[in-house]
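Q: Quick note, the sequences are listed as chains X and V, same order. The first sequence begins at -11 in our numbering and counts up one residue at a time. The second sequence begins at -11 in our numbering and counts up one residue at a time. Below is a structure I'd like to ask you about.
2 protein chains.
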Amino acid sequence: MNDTPGTAAALLHAARQLFARHGYDGTSVRAITRAAGANLGAITYHYGSKRDLYEAVIAAAMAPSRERLAGAAQTPGAPLDRIEAVVREFFAFLHDTPDLPSLMMQQLIGDRPLAKAALATVAANMGTLATLIAEGQRAGTIRPGDPRLLALSIGSQPIWLTAARRVLREGVSIDPADPTTRGELVDSVVGFVRAGLVAHSEKPR
Amino acid sequence: MNDTPGTAAALLHAARQLFARHGYDGTSVRAITRAAGANLGAITYHYGSKRDLYEAVIAAAMAPSRERLAGAAQTPGAPLDRIEAVVREFFAFLHDTPDLPSLMMQQLIGDRPLAKAALATVAANMGTLATLIAEGQRAGTIRPGDPRLLALSIGSQPIWLTAARRVLREGVSIDPADPTTRGELVDSVVGFVRAGLVAHSEKPR
DNA sequence: GGGGGCATGATACGAGCGTATGAATAGAGT
DNA sequence: ACTCTATTCATACGCTCGTATCATGCCCCC
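As structure tokens, this is what we get:
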């Protein structure tokens, strides 16, 4: 790891942005090397091929989420509060990593096998949520139901609402980039998730 | 509309499948015309350009959802029951139209302006849900909160859980293609949505 | 201080791309 | 029977693609 950017790192960085914005096929080796200020042959030299560079981009992009979500899950408090912390951290992570949803969605679209790094990360994050849900169910504070499926309901919201931010802005006039709007959105999701999970002693009226 | 397929329709059909599977840039004019059994020049002749064909594919794919969701919203019953009907219909629609999530996600990834048809459809569908939520809030059966934001929480789940079906299958061993699993998933989401919306007279225990 | 290996540079290659062009074909209307 | 129009077909063009090749620079260490 060099403190000067280094050609390999510059390629990874430029490729990540371009792949996220234009997709794999929409990004040329020439565009990447130009953006990285490198020579046309640099990708072949440092990564072997364009495809191998892409795999490296995916792996590097997915990795950090595991630690962040697992960290949020370890905050002290009741399971519902820890789930809220995970949801907020998930939103924050995706906000800090705005090109990640694009990279994830590209994986989903293609017919290539999904990158192992991506699958393992998703599994870990859903496991983090499912564990907290099961814990709350044992404590009686979370209503019954398959924890894995409930975790999917929860995780869908940060992912999709971040991924679809362009649609929200242009189609429903809700801009998650605006801090105020964004806070309301996150609070609304948190409220929805807590209400969707909490166990009640009384029937709804 | 001809009962014999017709070259234009065959192109649209072939293009939709190929665009969904390989993306815009990953799909060549030659691949489309070959799959449609048409001549290389057929796309230029019938649609003007590859891009115009793509726009036609998007418009044709998005359109049907509006009527189906609006229809489900008109079932008789309390707002919460009608919302449940919309959620179930949303899952069913996406299940009947498995290439639509891919087409939607491609829109999100690119930096081109979103297709007007796509934006209008999303806005209409979110509006359908938001109207039902507001109705339930006036009746006192749905808890307070911005109906548009709650609608986003609801809509995220069918969309993402359908779009990410490959990750669910390969990463979390939940296969929405299997009818039993799928039923459990839909039921879980419906339960989560109802719980997330319903107004309670008592505090949670 | 000169050799060795890592890194970068310029350029070439064949393949595939989207589109344009003009000829061939078919079918309906007079 | 003949023309007119709509469609299909074969082919060509200019371009960009990913990768390979080989020369050049650079710096560290013996």
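The beta carbon of each residue, even a glycine, is placed where N, CA and C say it ideally should be. It should be emphasised that the depicted structure is a prediction, and the values quoted were computed from it without experimental measurement.
Given a limit of 8 Å on CB to CB distance, which residues of the segment 171 to 188 of chain X reach chain V?
A: Flagged, chain order: Glu172, Leu173, Ser176, Val177, Gly179, Phe180, Val181, Ala183, Gly184, Leu185, Val186, Ala187 and His188.
Q: Give every residue of the same chain whose Cβ lies closer than 8 Å to the Cβ of Leu120(V), excluding the five residues on either side of it in the sequence, and list them in chain order.
A: Taking the first residue of the second sequence as position 1, residue 120(V) is located at position 132. Cβ neighbours of Leu120(V) beyond the five flanking positions: Ala61, Pro67, Arg70, Ile71 and Val74.
Q: Kindly indicate the opening and closing residues of the alpha helix (DSSP H) around Asp40(V).
A: Position 52 of the second sequence, counting from 1, holds the residue named residue 40(V). Lys38 to Ala61 is the span of the alpha helix (DSSP H), which, as asked, contains Asp40(V).
Q: Please identify the residue among Thr116(V), Ala26(V) and Pro167(V) whose C-alpha is closest to the C-alpha of Gly59(V).
A: For the purposes of this step, residue 59(V) is taken as residue 71 along the second sequence, with counting starting at 1. Minimum Cα distance to Gly59(V) is reached at Thr116(V).
Q: Report the residue from Val17(X), Val178(X), His188(X) and Thr21(X) whose alpha carbon sits nearest the alpha carbon of Ala80(X).
A: Here residue 80(X) is taken as the residue at index 92 of the first sequence, counted from 1. Ranking the options by Cα distance to Ala80(X), first place goes to Val178(X).
Q: Nearest-angstrom Cα distance between Ala48(X) and Thr109(V)?
A: Sequence index remark: in the first sequence, residue 48(X) carries index 60 (1-based). Sequence index remark: in the second sequence, residue 109(V) carries index 121 (1-based). Their backbone Cα atoms lie some 35 Å apart in a straight line.
Q: Please confirm whether Asp99(V) has its beta-carbon closer than 8 Å to some beta-carbon of chain X.
A: What you label residue 99(V) is simply residue 111 of the second sequence in a count that begins at 1. Yes, its Cβ sits closer than 8 Å to a Cβ of chain X.
Q: What does the alpha-carbon distance come out to for the pair Thr251(X) and Thr150(X)?
A: Any question about residue 251(X) goes unanswered here, given that chain X covers just -11 to 193.
Q: Kindly say whether Gly(-6)(X), judged by its beta-carbon, lies nearer than 8 Å to any beta-carbon of chain V.
A: Counting from one through the first sequence, the residue named residue -6(X) turns up at place 6. It does not; no Cβ of chain V falls within 8 Å.
Q: Kindly indicate if chain X contains any beta-carbon less than 8 Å away from that of Leu117(V).
A: For the purposes of this step, residue 117(V) is taken as the residue at position 129 of the second sequence. Chain X, which has no Cβ nearer than 8 Å to the Cβ of Leu117(V), makes this no.
Q: Going by DSSP, what residue range makes up the alpha helix (DSSP H) through Ile147(V)?
A: Taking the second sequence and counting its residues from 1, the one referred to as residue 147(V) is at position 159. That run of the alpha helix (DSSP H) goes Pro135 to Ala151.
Q: Compare the C-beta of Val196(V) with all C-beta atoms of chain X and state if any pair is closer than 8 Å.
A: Outside the shown range of chain V (-11 to 193) lies residue 196(V), about which nothing can therefore be said.
Q: Give, in chain order, every residue of the segment 128 to 140 of chain V whose Cβ lies closer than 8 Å to some Cβ of chain X.
A: Correct list: Gly128, Thr129, Arg131, Gly133, Asp134, Arg136, Leu137, Leu138 and Leu140.
Q: With burial defined as no fewer than 16 other Cβ atoms inside 10 Å of the residue's Cβ, what is the status of Pro167(X): buried or exposed?
A: Taking the first residue of the first sequence as position 1, residue 167(X) is located at position 179. Exposed: under 16 other Cβ atoms inside 10 Å.
Q: Measure the beta-carbon distance from Arg96(X) to Val155(V) and round it to whole angstroms, keeping in mind my assumption that it falls under 8 Å.
A: Within the first sequence, residue 96(X) is the residue found at index 108, counting from 1. Within the second sequence, residue 155(V) is the residue found at index 167, counting from 1. The displayed chain sequence assigns Leu, not Arg, to residue 96(X). Going by Cβ atoms, the distance from Leu96(X) to Val155(V) rounds to 7 Å, so yes, they are a contact pair.
Q: Run through the DSSP bridge pairs and tell me what Val186(V) is partnered with.
A: For the purposes of this step, residue 186(V) is taken as residue 198 along the second sequence, with counting starting at 1. Note: Val186(V) sits in a beta bridge opposite Ile130(V).
Q: Measuring only between beta-carbons, confirm whether Val75(X) sits less than 8 Å from chain V.
A: Here residue 75(X) corresponds to residue number 87 of the first sequence, with the count starting at 1. Not one chain V Cβ lies under 8 Å of Val75(X).
Q: Go through its chain and collect everything with a Cβ distance to Asn(-10)(V)'s Cβ below 8 Å, but skip five positions before and after it.
A: On the second sequence, position 2 is the one that residue -10(V) refers to. Reliability fails at Asn(-10)(V), whose pLDDT of 34 lies under 50, so the model's placement of it is uncertain and the value that follows must be treated cautiously. Cβ neighbours of Asn(-10)(V) beyond the five flanking positions: Ala(-3).
Q: In whole angstroms, what is the alpha-carbon distance linking Thr(-8)(V) and Lys104(V)?
A: Indexing the second sequence from 1 puts residue -8(V) at position 4. Indexing the second sequence from 1 puts residue 104(V) at position 116. Residue placement at Thr(-8)(V) cannot be trusted, given a pLDDT of 48 that sits under 50; what the coordinates show is reported in the next sentence. Computed Cα separation, rounded: 30 Å.
Q: Between Ser144(X) and chain V, is there a C-beta pair that is closer than 8 Å?
A: Against the first sequence, residue 144(X) aligns to sequence position 156. Closer than 8 Å: yes.
Q: Looking at the structure shown, is Asp99(V) part of a helix, part of a strand, or coil, going by DSSP?
A: As a first step, residue 99(V) must be located in the second sequence, where it is residue number 111. Looking at Asp99(V) - three-state DSSP - the assignment turns out to be coil, as it is neither helix nor strand.
Q: Using a Cβ-Cβ distance cut-off of 8 Å, determine whether Ile20(X) contacts chain V.
A: In the first sequence, the residue the question calls residue 20(X) occupies position 32. No, Ile20(X) does not count as interfacial toward chain V.
Q: Measuring only between beta-carbons, confirm whether Met50(X) sits less than 8 Å from chain V.
A: Reading the first sequence from its first residue, position 62 is the one you call residue 50(X). Chain V, which has no Cβ nearer than 8 Å to the Cβ of Met50(X), makes this no.
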